[in-house]
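Below is one structure, written out as structure tokens; the observations come after it.
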Amino acid sequence: KNEVEQSPQNLTAQEGEFITINCSYSVGISALHWLQQHPGGGIVSLFMLSSGKKKHGRLIATINIQEKHSSLHITASHPRDSAVYICAVRSLGKSTFGDGTTLTVKP
Amino acid sequence: EAQVTQNPRYLITVTGKKLTVTCSQNMNHEYMSWYRQDPGLGLRQIYYSMNVEVTDKGDVPEGYKVSRKEKRNFPLILESPSPNQTSLYFCASSFLYRGRDNQPQHFGDGTRLSIL
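Top to bottom, those sequences are chains A and B.
In case it helps, the working numbering puts the first sequence at residues 353 to 459.
In case it helps, the working numbering puts the second sequence at residues 6 to 121.
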């Protein structure tokens, strides 16, 4: 079993829909990151969380440390949100990644 | 402009020919790390460095070497590359807060290596 589990693996939505991607982890962490990777490969850090909730534009990320679970929400999804979203946990210098969620938003 | 710069971006080479992928950051970050990304396996950490002269193994260090002689540079060395090291490689860096790695990472654009 992976230390970091993401779901769903693939997600197709219509433009405007509310999206949720989940991440569960089984190890102690310093922080949890949500990353975005567009086709073509570049990786962008969306959020870094060690507790609570963060919001940036239409993106919201939450973490529950006790339950070892995080969610990434996208409100009013748009085709430009189509990308792979990756959950990563960090502790003592080590990083462990989920397998990623491929999101496709159709117009 | 704050950035992590990797070179080369693309390289095709042959088995056994030593190569170095350079990584440089201009943000005065303490922490730097190398990752490889493979279809079906996702991102995996190769080596990381918490500061100058401090390096440690990630999950897949076999066949790689690193050094951290200066804060800004963290080269990845493949002494004798093999086809199973064909991959997409990313370098990343971040600040440490009170010695903890809980700050956002900045990623380079990636280096696509093909080893024949």
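Even for Gly, the Cβ is constructed at its ideal location relative to N, Cα and C.
Using a threshold of 7 Å, state whether the C-beta atoms of residue i and residue j are closer than that.
{"i": "Ala-440 (chain A)", "j": "Phe-449 (chain A)", "result": "yes"}
{"i": "Ser-98 (chain B)", "j": "Gln-30 (chain B)", "result": "yes"}
{"i": "Gly-68 (chain B)", "j": "Gln-50 (chain B)", "result": "no"}
{"i": "Tyr-102 (chain B)", "j": "Gly-445 (chain A)", "result": "no"}
{"i": "Phe-112 (chain B)", "j": "His-34 (chain B)", "result": "no"}
{"i": "Glu-84 (chain B)", "j": "Lys-22 (chain B)", "result": "no"}
{"i": "Tyr-36 (chain B)", "j": "Met-55 (chain B)", "result": "yes"}
{"i": "Ala-460 (chain A)", "j": "Ile-373 (chain A)", "result": "Past the edges of chain A, shown from 353 to 459, lies residue 460 (chain A), and the structure says nothing about it."}
{"i": "Gly-104 (chain B)", "j": "Asp-451 (chain A)", "result": "no"}
{"i": "Leu-411 (chain A)", "j": "Ile-395 (chain A)", "result": "no"}
{"i": "Glu-367 (chain A)", "j": "His-430 (chain A)", "result": "yes"}
{"i": "Val-19 (chain B)", "j": "Leu-118 (chain B)", "result": "no"}
What residues of chain B sit near residue i, judged by a beta carbon separation below 7 Å?
{"i": "Ala-435 (chain A)", "result": "Here the premise fails: no neighbours, minimum Cβ distance about 14 Å."}
{"i": "Ala-365 (chain A)", "result": "Simply none; closest approach about 22 Å."}
{"i": "Ser-447 (chain A)", "result": "Ser-38 and Gln-50"}
{"i": "Ser-402 (chain A)", "result": "Asn-107"}
{"i": "Gly-452 (chain A)", "result": "Gly-47"}
Please name the residue, chosen from the options, that lies closest to residue i on a Cα-to-Cα basis.
{"i": "Ala-7 (chain B)", "options": "B:Ser-119, B:Arg-105 and B:Gln-110", "result": "B:Gln-110"}
{"i": "Gly-392 (chain A)", "options": "B:Asp-114, B:Glu-35 and B:His-34", "result": "B:Asp-114"}
{"i": "Glu-419 (chain A)", "options": "A:Ser-359, A:Tyr-377 and A:Gln-388", "result": "A:Tyr-377"}
{"i": "Thr-25 (chain B)", "options": "B:Met-32, B:Pro-44, B:Leu-46 and B:Gln-90", "result": "B:Gln-90"}
{"i": "Asp-106 (chain B)", "options": "A:Ser-443, A:Ile-415 and A:Lys-407", "result": "A:Ser-443"}
{"i": "Val-59 (chain B)", "options": "B:Pro-66, B:Arg-73 and B:Gly-47", "result": "B:Arg-73"}
{"i": "Cys-302 (chain A)", "options": "A:Ser-382, A:Trp-386 and A:His-408", "result": "Limits of chain A in this structure are 353 at one end and 459 at the other, which puts residue 302 (chain A) out of reach."}
{"i": "Glu-75 (chain B)", "options": "B:Thr-27, B:Leu-121 and B:Tyr-94", "result": "B:Thr-27"}
{"i": "Ser-359 (chain A)", "options": "A:Pro-431, A:His-421 and A:Asp-433", "result": "A:His-421"}
{"i": "Phe-79 (chain B)", "options": "B:Pro-66, B:Val-65, B:Cys-96 and B:Leu-118", "result": "B:Cys-96"}
{"i": "Gln-389 (chain A)", "options": "B:Leu-118, B:Pro-88, B:Ile-120 and B:Leu-93", "result": "B:Leu-93"}
{"i": "Gly-409 (chain A)", "options": "A:Ile-417, A:Tyr-437, A:Asn-416 and A:Asp-433", "result": "A:Asp-433"}
{"i": "Thr-10 (chain B)", "options": "B:Val-71, B:Asp-61 and B:Arg-77", "result": "B:Arg-77"}
Does DSSP put residue i in a helix, in a strand, or in coil?
{"i": "Arg-432 (chain A)", "result": "helix"}
{"i": "Gln-50 (chain B)", "result": "strand"}
{"i": "Asn-354 (chain A)", "result": "coil"}
{"i": "Gln-108 (chain B)", "result": "coil"}
{"i": "Gln-11 (chain B)", "result": "strand"}
{"i": "Gln-42 (chain B)", "result": "strand"}
{"i": "Asn-31 (chain B)", "result": "coil"}
{"i": "Gln-388 (chain A)", "result": "strand"}
{"i": "Gln-366 (chain A)", "result": "strand"}
Which chain B residues sit within Cβ distance under 8 Å of residue i?
{"i": "His-385 (chain A)", "result": "Pro-109 and Gln-110"}
{"i": "Phe-370 (chain A)", "result": "Ordered by position in chain B, no residue passes the 8 Å Cβ test against Phe-370 (chain A), which lies about 25 Å from the chain."}
So with CB distances below 8 Å, who are the chain A contacts of residue i?
{"i": "Leu-93 (chain B)", "result": "Gly-393"}
Closer than 7 Å by beta-carbon distance: list the chain A residues that pair up with residue i, in chain order.
{"i": "Arg-105 (chain B)", "result": "Ser-382"}
{"i": "Asp-61 (chain B)", "result": "Gly-445"}
{"i": "Asp-114 (chain B)", "result": "Gly-394"}
Buried or exposed: which applies to residue i, given that a residue is buried once 16 or more other Cβ atoms fall within 10 Å of its Cβ?
{"i": "Asn-354 (chain A)", "result": "exposed"}
{"i": "Thr-456 (chain A)", "result": "exposed"}
{"i": "Thr-453 (chain A)", "result": "buried"}
{"i": "Ala-413 (chain A)", "result": "buried"}
{"i": "Ala-428 (chain A)", "result": "exposed"}
{"i": "Thr-116 (chain B)", "result": "buried"}
{"i": "Tyr-15 (chain B)", "result": "exposed"}
{"i": "Met-400 (chain A)", "result": "buried"}
{"i": "Pro-86 (chain B)", "result": "buried"}
{"i": "Ser-447 (chain A)", "result": "buried"}
{"i": "Val-356 (chain A)", "result": "buried"}
Under 9 Å between beta-carbons, which chain A residues line up against residue i? List them in chain order, please.
{"i": "Tyr-2 (chain B)", "result": "Beyond the ends of chain B as shown, which are 6 and 121, falls residue 2 (chain B); an answer cannot be given."}
Can you pull the chain B residues whose beta carbon is under 9 Å from the beta carbon of residue i, in chain order?
{"i": "Ser-422 (chain A)", "result": "Residues of chain B passing the Cβ test: none, with the nearest at roughly 14 Å."}
{"i": "Ser-359 (chain A)", "result": "What Ser-359 (chain A) touches in chain B: nothing, since even the nearest Cβ is about 14 Å away."}
{"i": "Ile-415 (chain A)", "result": "Near Ile-415 (chain A) there are no residues of chain B at all, since even the closest Cβ is about 12 Å away, more than 9 Å."}
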